[in-house]
Amino acid sequence: MVEELPDVVDVLVIGAGQSGLASAHRLLQRGFAPAIDPVAGPAAGSPGGSPTGPAIDRVAGPADGPAADPATRPGRADLRRRAPSSGRTFLVLDAEDGPGGAWRHRWPTLTMATVNGIHDLPGAALPDPDPAEPARQTLPRYFGEYERSFGLPVLRPVRVLSVQRHDDDPHGLLDVATTRGTLQARAVMSATGTWSRPFWPVVPGKESFAGVQLHTHDYPGPGPFRGRRVAVVGGGISGVGHVREIAEVAEVFWYTRTPPRWTDEPFDVRAGLGVERRVEERVEAGLRPLPVVAETGLYRSPALQRDIDSGVLARRPMFTEILPYGVREQSGEVTEVDVILWATGFRHELRHLTPLGVRTRQGGVYVRGTSVVGEPRLHLVGYGPAASTIGATRAARRAVAQIVGYLDGAGR
Ligand SMILES: Cc1cc2nc3c(=O)[nH]c(=O)nc-3n(C[C@H](O)[C@H](O)[C@H](O)COP(=O)(O)OP(=O)(O)OC[C@H]3O[C@@H](n4cnc5c(N)ncnc54)[C@H](O)[C@@H]3O)c2cc1C
Numbered sequence: 028m029v030e031e032l033p034d035v036v037d038v039l040v041i042g043a044g045q046s047g048l049a050s051a052h053r054l055l056q057r058g059f060a061p062a063i064d065p066v067a068g069p070a071a072g073s074p075g076g077s078p079t080g081p082a083i084d085r086v087a088g089p090a091d092g093p094a095a096d097p098a099t100r101p102g103r104a105d106l107r108r109r110a111p112s113s114g115r116t117f118l119v120l121d122a123e124d125g126p127g128g129a130w131r132h133r134w135p136t137l138t139m140a141t142v143n144g145i146h147d148l149p150g151a152a153l154p155d156p157d158p159a160e161p162a163r164q165t166l167p168r169y170f171g172e173y174e175r176s177f178g179l180p181v182l183r184p185v186r187v188l189s190v191q192r193h194d195d196d197p198h199g200l201l202d203v204a205t206t207r208g209t210l211q212a213r214a215v216m217s218a219t220g221t222w223s224r225p226f227w228p229v230v231p232g233k234e235s236f237a238g239v240q241l242h243t244h245d246y247p248g249p250g251p252f253r254g255r256r257v258a259v260v261g262g263g264i265s266g267v268g269h270v271r272e273i274a275e276v277a278e279v280f281w282y283t284r285t286p287p288r289w290t291d292e293p294f295d296v297r298a299g300l301g302v303e304r305r306v307e308e309r310v311e312a313g314l315r316p317l318p319v320v321a322e323t324g325l326y327r328s329p330a331l332q333r334d335i336d337s338g339v340l341a342r343r344p345m346f347t348e349i350l351p352y353g354v355r356e357q358s359g360e361v362t363e364v365d366v367i368l369w370a371t372g373f374r375h376e377l378r379h380l381t382p383l384g385v386r387t388r389q390g391g392v393y394v395r396g397t398s399v400v401g402e403p404r405l406h407l408v409g410y411g412p413a414a415s416t417i418g419a420t421r422a423a424r425r426a427v428a429q430i431v432g433y434l435d436g437a438g439r
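28 is the number of the first residue of the sequence shown in the working numbering; add one for each residue after it.
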């Protein structure tokens with residue numbers, strides 16, 4: 028049975044990744060009621076994921092440890108803290124076919140041992156993950172169990188096409204068009220991540236390349252590159268990971284615009300908060316958020332240092348031109364390659380918000396915290412400083428608190 032959209036909801040959450048689920052959980056805690064009967068969701072798991080994993084621990088887990096951020100730490104009282112129903116409703120719409128957000132699509136060789144640290148969803152710890160299991164199996168399974176366990180009203184696959192003001196009333200309804208019809212919302216939490224917006228830089232000659240070009244978004248793991256000559260572009264965590272993997276089976280050339288900023292400090296919660304503050308200043312100025320490594324640098328683990336020393340991670344300055352069978356180095360020499368893999372990052376998915384006119388000329392959105400300046404009905408969760416599994420939960424709490432304040436003030 029295809030579930031119908033309700034006509035009106037108090038809060039619409041767009042996206043059911045870490046940010047959307049943390050938002051939904053917080054709404055439940057604040058007494059919002061599901062706008063639809065939460066159905067037993069589709070079998071959990073990614074493409075190939077197993078529907079039968081360990082049950083999630085709804086009350087405690089590793090995030091209770093000393094490193095956990097107190098603002099996001101789940102506790103035994105978590106479920107009991109849920110407020111009595113406020114008479115307000117909420118709904119989550121997600122474009123995916125199943126749970127997991129962007130984790131459904133990460134490359135198969137990104138395992139729970141090689142991810143960059145996954146923070147628990149609020150109120151339910153990720154059971155001890157198998158380090159060898161691909162994240163694209165573990166996390167969709169965890170998310171699916173989370174949705175079912177908390178009875179979250181997630182409707183999918185439904186893509187939100189646009190959000191616009193119904194009329195000039197600043198406390199009026201927002202009209203939402205989706206692939207399953209229309210609905211109205213008093214407030215919207217946009218938690219749409221970045222995965223659907225891979226960024227491809229413009230480089231002269233790109234169209235002329237006779238080999239294969241692909242983006243991290245479609246990276247299949249190193250297997251298909253065996254024996255080829257591969258250019259990897261990008262100095263972020265993904266780029267470094269691709270170079271190291273592909274170097275096992277192929278000849279790799281690594282290009283970055285600026286020299287990598289290595290750091291000997293492992294990324295920890297305290298460092299993370301510092302980075303969040305710096306990125307926050309940037310996005311509050313309406314600028315496009317920068318990737319995290321632009322702020323943190325790349326942690327030079329012992330394994331990474333070995334690959335630097337052995338020449339696997341030998342960075343070349345970005346090439347100046349793409350030719351049919353290779354790339355032109357800054358020296359003018361040509362390096363022949365069969366494949367160009369663009370590990371050049373992602374932009375935030377904001378296209379559905381275009382009718383609201385909230386984008387700045389610099390490619391950002393003016394926000395204060397999660398709230399969009401001039402449009403208190405709209406919050407961005409998982410945007411800018413909150414684009415991490417730890418930031419998402421904090422952003423969700425902050426956004427829901429402000430939305431409750433807004434609805435109270437608007438007499439709803
Ligand atoms: C390659 C890569 C690796 C990363 N590794 C880590 C890591 O190890 N640790 C970490 O903390 N962070 C990591 N991050 C950052 C990571 O993306 C976030 O931590 C987190 O997964 C983002 O969650 P999210 O809910 O904001 O977005 P997503 O997981 O992308 O979820 C967004 C959801 O919104 C849906 N959606 C999008 N547009 C629409 C629409 N118009 N209508 C309806 N639904 C829509 C999508 O289908 C998706 O389900 C990584 C990012 C990348 C790109």
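Built from N, CA and C at the ideal position, the CB exists for glycine as well. Because the structure is a prediction, the values reported are computed rather than measured.
Cβ shell of residue i (< 6 Å), same chain only, five flanking positions each side left out
i: LYS233; result: ILE349
i: SER189; result: ALA204, HIS379 and PRO382
i: GLY262; result: THR283 and PRO287
i: SER217; result: ILE41 and LEU407
i: THR416; result: GLN45, ILE145 and HIS146
i: PRO225; result: HIS242, HIS244 and PHE373
i: ILE305; result: According to the sequence shown, residue 305 is Arg rather than Ile. If we look at ARG305 and ignore the five residues flanking it on each side, its Cβ neighbours are GLU322.
i: VAL524; result: One cannot answer for residue 524 here, as it falls past the ends of the chain, which runs 28 to 439.
Spatial distance of residue i from residue j (CA atoms)
i: ARG284; j: GLY238; result: 22 Å
i: VAL279; j: VAL29; result: 48 Å
i: THR371; j: SER112; result: 45 Å
i: ARG163; j: ALA341; result: 29 Å
i: LEU120; j: PRO197; result: 24 Å
i: THR209; j: LEU182; result: 13 Å
i: VAL259; j: GLY125; result: 31 Å
i: ILE63; j: LEU39; result: 12 Å
i: GLY411; j: ALA151; result: 25 Å
i: ASP195; j: GLY391; result: 24 Å
i: PRO158; j: ALA428; result: 36 Å
i: PRO351; j: THR116; result: 56 Å
i: TRP281; j: PRO249; result: 15 Å
i: PRO184; j: TYR246; result: 24 Å
i: ILE273; j: VAL339; result: 10 Å
i: ALA423; j: GLN357; result: 45 Å
i: PHE177; j: PHE346; result: 50 Å
i: ASP336; j: VAL302; result: 28 Å
i: ASP435; j: ARG213; result: 12 Å
i: ALA60; j: VAL270; result: 47 Å
i: LEU153; j: TYR169; result: 7 Å
i: ALA129; j: THR221; result: 8 Å
i: VAL385; j: ARG207; result: 25 Å
i: GLY353; j: GLY266; result: 19 Å
i: LEU148; j: GLU376; result: 21 Å
DSSP bridge partner residues for residue i (one or two, in chain order)
i: SER189; result: ALA204
i: PHE117; result: VAL38 and PRO61
i: GLN45; result: None; GLN45 has no bridge partner.
i: HIS242; result: TRP369
i: HIS132; result: Beta-bridge pairing links HIS132 to no other residue.
i: ARG256; result: GLU278
i: GLN164; result: The partner list for GLN164 (beta bridge, DSSP) is empty, contrary to what the question assumes.
Close-in-space but distant-in-sequence residues of the same chain around residue i (CB under 8 Å, 5 per side omitted)
i: GLN211; result: ASP34, VAL35, VAL36, HIS193, LEU200, LEU201, ASP202 and VAL203
i: THR290; result: THR323, GLY324, LEU325, TYR326 and ARG327
i: THR136; result: PRO161, GLY248, PRO249 and GLU272
Buried versus exposed call for residue i [16 or more other C-beta atoms within 10 Å across all chains shown]
i: GLU123; result: buried
i: ARG333; result: exposed
i: VAL366; result: buried
i: ALA330; result: exposed
i: VAL229; result: exposed
i: ALA421; result: The amino acid occupying residue 421 in the given sequence is Arg; Ala does not appear at that position. Buried, because 16 or more other Cβ atoms sit within 10 Å of the Cβ of ARG421.
i: TRP227; result: exposed
i: ALA140; result: exposed
i: GLY268; result: buried
i: SER398; result: buried
i: PRO156; result: buried
is_contact[residue i, chain B] using C-beta, thresh 9 Å
i: PRO154; result: The structure shown has no chain B; it contains just one protein chain.
Close-in-space but distant-in-sequence residues of the same chain around residue i (CB under 7 Å, 5 per side omitted)
i: VAL431; result: ARG57
i: ALA419; result: GLN45, SER46, ALA49, VAL408, GLY409 and ALA413
i: THR138; result: PRO158, ALA159, GLU160, PRO161 and ALA162
Handout entry: Minimum length 3: unbroken beta strand (DSSP E) runs contained in the region 305-345
Key = 342-344
Problem - Inside the region 354-403 only - alpha helix (DSSP H) runs reaching at least 4 residues - result: none
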